[in-house]
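Numbering (this note's numbering), first residue to last: 861 to 1010.
For each residue, glycine too, the CB sits at the ideal point set by N, CA and C.
Nothing here was measured: the structure is a model prediction, and the numbers come from that model.
Written out below as structure tokens is the structure these notes cover.
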Amino acid sequence: MEELGEKVMVLKLSELEKFYAEYNYVNGDFNLLDEIDVILSSLIDEKTKIYSYFRTGILLLFYEKWRKASKVDFYSEIARINELRGAFDATNVMCRQTTNLFGTFKEGFKPTEFKAGKYKLKFHNRPDYYFIMYSIHREIISKNYKYFKK
861 MEELGEKVMV
871 LKLSELEKFY
881 AEYNYVNGDF
891 NLLDEIDVIL
901 SSLIDEKTKI
911 YSYFRTGILL
921 LFYEKWRKAS
931 KVDFYSEIAR
941 INELRGAFDA
951 TNVMCRQTTN
961 LFGTFKEGFK
971 PTEFKAGKYK
981 LKFHNRPDYY
991 FIMYSIHREI
1001 ISKNYKYFKK
């Protein structure tokens, strides 16, 4: 499929994982998918659809195009890859999961820290679901910077 001479990439989740595995993210002892799973599984049950939505979002953040995209486009891509009707279907359950993890704004938030292996996530304010994914993305890069080009 091409638009104006530019190739358009349409990926299913398994294809997205394969793309990242082949695109320098399996490098000796470092495997991006495993590293995401180490952190994310400490927050969310791996057997849930919500886990898949967060994992997809984190994978997308390793691709510059999606870090620069609008949040609407970003969540629409998460929904499309996970075969949902629209971005709202993904964000609605991600929002509920965030509330389950961190409570509501009215309850007051106490700084929270999660540890998973060599990774540590600290939240001083109640995060939204995008910030959770972005924090995991940054933590993986900071602990494994030698495997990334930039």
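### Task
Just tell me which of K1006, Y990 and Y1005 has its CA closest to the CA of R845.
As displayed, the chain neither begins before 861 nor continues past 1010, which places residue 845 out of reach and without an answer.
### Query
Candidates L893, S936, L903 and I896: which alpha carbon is nearest T959's?
In the sequence shown, counting from the first residue as 1, residue 959 sits at position 99. Minimum Cα distance to T959 is reached at L903.
### Message
Mapping the DSSP letters down to three states, classify L981 as helix, strand or coil.
### Response
One-based indexing of the sequence shown puts residue 981 at position 121. Reduced to three states, the DSSP call for L981 is strand.
### Task
Please classify H997: is it buried, with 16 or more other beta-carbons within 10 angstroms of its beta-carbon, or exposed?
Numbered from its first residue, the sequence shown carries residue 997 at position 137. Buried, since its Cβ has 16 or more Cβ neighbours within 10 Å.
### Task
Could you give the DSSP three-state label for N891: helix, strand or coil?
In the sequence shown, residue 891 corresponds to position 31, counting from 1. Of the three classes helix, strand and coil, the one that applies to N891 here is strand, per DSSP.
### Task
Could you give the DSSP three-state label for F1011: helix, strand or coil?
In this structure the chain extends from 861 to 1010, so residue 1011 is not present and cannot be described.
### Query
If you draw a straight line from the alpha carbon of L919 to that of E973, how long is it in whole angstroms?
For the purposes of this step, residue 919 is identified with residue 59 of the sequence shown, where counting begins at 1. For the purposes of this step, residue 973 is identified with residue 113 of the sequence shown, where counting begins at 1. Cα to Cα, the separation comes out at about 22 Å.
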